[in-house]
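J.: At position 88 of the sequence shown the residue is numbered 88 (the UniProt record's numbering), and the sequence of numbers has no breaks. Even for Gly, the Cβ is constructed at its ideal location relative to N, Cα and C.
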Amino acid sequence: MYYEIRRYQARPGRREEWVRYMEDVVIPFQASLGMDVTASFVDDEDEDGYVWIRRFEDETQSKAVYEAVYQNDRWKNEIGPAVGSLLIPEKTVVTRVVPTPASPLR
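1) Once DSSP output is grouped into helix, strand and coil, what is the label at I88?
2) Taking the beta carbon of R74 as the centre, do at least 16 other beta carbons fall within 10 Å, making it buried, or is it exposed?
3) Count the other C-beta atoms from every protein chain shown that fall within 10 angstroms of the C-beta of R54, then say buried if there are 16 or more, exposed otherwise.
4) Should V93 go down as buried or exposed, given a rule of 16 or more other Cβ atoms within 10 Å for buried?
5) How far does the beta strand (DSSP E) with residue 113 in it extend, from its first residue to its last?
6) Excluding the 5 residues preceding and the 5 following L33 in the sequence, name in chain order all residues of the same chain whose CB lies nearer than 6 Å to its CB.
7) Nearest by alpha-carbon distance to D44: which of Y66, R15, V37, E57 is it?
8) Please give the ranges of any alpha helix (DSSP H) in the UniProt domain "NIPSNAP" (3 to 84), keeping only runs that are unbroken, at least 4 residues long and fully inside the region.
Below is the structure:
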C-alpha cells in the first residue's frame, strides 16, 4: 500500500473556488470511479496552497483507477479543463509515500 501526497498551487486568489470545485466535483467524481481520497487540506502558510492525499493498494489498482479517472470523457472534456483553469499545473508536486510499520495509516 502507498499514498500520494499531491501539492497544488491555485491561481492567485482562486483557492477558495478551487476547494469548492474539489469538494463538489473532483473528489466525488474520482471516488465514484474507485479513487480512495484520504484527506484534503489548505496550506495554512500559503494562501494559494492546497494538499490532498490519495491511497492505493498496489500498482495494479492505481493503474486501473488512474485509467478509469483520467481516460473518462467527463474528465477529459469538463473536469480536466476546469482544473487547468484553477491551478498552476507546473507547480504541482506529487510525492509517493509508504507508511512505516507503526503508522496508523497502515
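T.: Short version:
1) Here residue 88 refers to the residue found at position 88 when the sequence shown is read from its first residue. Secondary structure at I88: coil, using DSSP grouped into helix, strand and coil.
2) Taking the first residue of the sequence shown as position 1, residue 74 is located at position 74. Exposed.
3) Looking up residue 54 in the sequence shown gives position 54. Burial call: buried.
4) As a working note, residue 93 is residue 93 in the sequence shown. Exposed.
5) Since the first residue of the chain shown is 1 and the last is 106, residue 113 is not available in this structure.
6) Taking the first residue of the sequence shown as 1, we reach residue 33 at position 33. Hits under 6 Å: A68, V69.
7) In the sequence shown, residue 44 corresponds to position 44, counting from 1. By alpha-carbon distance to D44, the top candidate from Y66, R15, V37, E57 is R15.
8) 15 to 21, 27 to 32, 59 to 70
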